[in-house]
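First up is the structure itself, then whatever we jot down about it.
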Amino acid sequence: MGRGSRSDQTNDSSYPEPQQPQQYQSADSSLAYQYTGENASTTKPVTDSESMARDIKEGRLSGFVGHGTTLTGETSFQAMLRVDGHLVGSISSDSGTLIVGTNGQVDANISVSTATINGAVNGDVVATEKIQLGRTARVVGNIQTPRLTIEDGAVLEGGCTMLKAREAVEKQTATAAQSSYQAAETSSYQSSTYATAVDDDDDDDAAVAITEEEEDEDKSEAATV
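To convert a position in the sequence shown, counted from 1, into this note's numbering, add 502.
Here you go:
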């Protein structure tokens with residue numbers, strides 16, 4: 503019995519426990535699950551709140567009109583203005599960006615560098631860089647910009663003027679007018695030069711005639727003597 507028990511103990515100790523591969527597989531599967539979770543977090547879309555929080559943190563957002571807030575008057579800003587509430591009056595910025603959220607409403611004339619509109623705007627919009635109308639945008643008024651993007655579903659009730667095209671036409675018109683003015687000046691100068699030359703010729707002819715008359719008088723006086 504003693505020998506048999508020793509051999510059984512020896513055989514049991516020579517084989518590894520069967521639980522170790524299961525633990526290894528469990529650890530591997532957890533790592534794979536964590537890796538999948540990291541990928542899912544990187545592809546998660548950024549919400550408007552997260553985007554706004556990032557803009558505030560980085561100092562790009564100059565002002566914000568929240569949902570349920572009404573602001574009346576002349577509004578001017580430097581970097582970025584977001585409107586999710588109601589703004590009445592006028593909006594102006596030389597180099598700033600205006601963002602009108604889905605729930606935002608602007609009853610004002612707008613003059614900015616860039617305008618991204620997803621809500622309602624009642625007024626004229628002038629953007630020196632570009633205007634983007636989202637699928638939920640509704641604009642009642644005229645827009646002027648060199649670049650315009652309109653998504654499917656957006657509503658625009660008004661006229662559209664492309665600034666660069668208009669500037670090119672105005673520049674071409676100004677160039678043609680300047681050329682016509684220069685041509686008119688050249689023609690006028692040539693006419694005055696010709697008139698001066700004619701006057702000089704007339705003066706020379708008159709001087710010759712006077713000289714001939716004086717010579718005739720001298721001859722008649724000599725004959726009388």
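Cβ atoms here follow ideal geometry from the backbone N, Cα and C, with glycine treated the same way.
query	result
Using DSSP's beta-bridge definition, name the partner residues of Thr572.	His588
Are the beta-carbon atoms belonging to Asn620 and Gly643 less than 8 Å from one another?	no
If you run the structure through DSSP and keep just helix, strand and coil, what is Gln680?	helix
Exposed or buried, Thr538, counting other C-beta atoms within 10 Å across all chains shown (16 or more means buried)?	Per-residue confidence for Thr538 stands at a pLDDT of 44, beneath the threshold of 50, marking its modelled position as unreliable; no derived number is given.
If you check the beta carbons only, do Gly591 and Gly575 fall under 8 Å apart?	yes
Kindly indicate which three-state DSSP category Ala656 falls into: helix, strand or coil?	coil
Measure the C-alpha to C-alpha separation of Ala685 and Gly660 and round it to an integer number of angstroms.	41 Å
I need the DSSP call for Asp626, collapsed to helix, strand or coil.	coil
Take Glu631 and list the residues in its own chain whose beta-carbon comes closer than 8 Å to its own, dropping the five residues that flank it on each side.	Ser615, Thr616, Thr647, Pro648 and Arg649
Within a Cβ cutoff of 6 Å, which residues of the same chain sit near Ala542, ignoring the five residues on either side of it in sequence?	Confidence is the limiting factor: at Ala542 the pLDDT is only 45, short of 50, which leaves the residue's position unreliable, though a coordinate-based value still follows. Excluding residues within five positions, none has a Cβ falling inside 6 Å.
So what's Leu617 in DSSP terms, helix, strand or just coil?	Here the sequence assigns Ala to residue 617, which means Leu is not the residue at that position. DSSP places Ala617 in strand when its eight states are reduced to three.
Would you report the Cα separation of Phe579 and Gly570, rounded to the nearest angstrom?	21 Å
Alpha carbon to alpha carbon, what distance is there between Ser613 and Asp596?	8 Å
Just reading off the beta strand (DSSP E) that Thr663 is part of, what are its end residues?	Cys662 to Met664
Go ahead and pull the three-state DSSP assignment for Thr675.	helix
Below 8 Å CB to CB, which residues in the same chain sit around Ile645 once its five sequence neighbours on both sides are set aside?	Asp626, Val627, Val628, Ala629, Ile633, Leu658, Gly660, Gly661, Cys662 and Thr663
Could you check where the beta strand (DSSP E) with Gln647 kicks off and where it finishes?	Note that residue 647 corresponds to Thr in the displayed sequence, not to Gln. Counting along the chain, the beta strand (DSSP E) containing Thr647 begins and ends at Ile645 to Thr647.
Is DSSP giving Ala685 helix, strand or coil here?	helix
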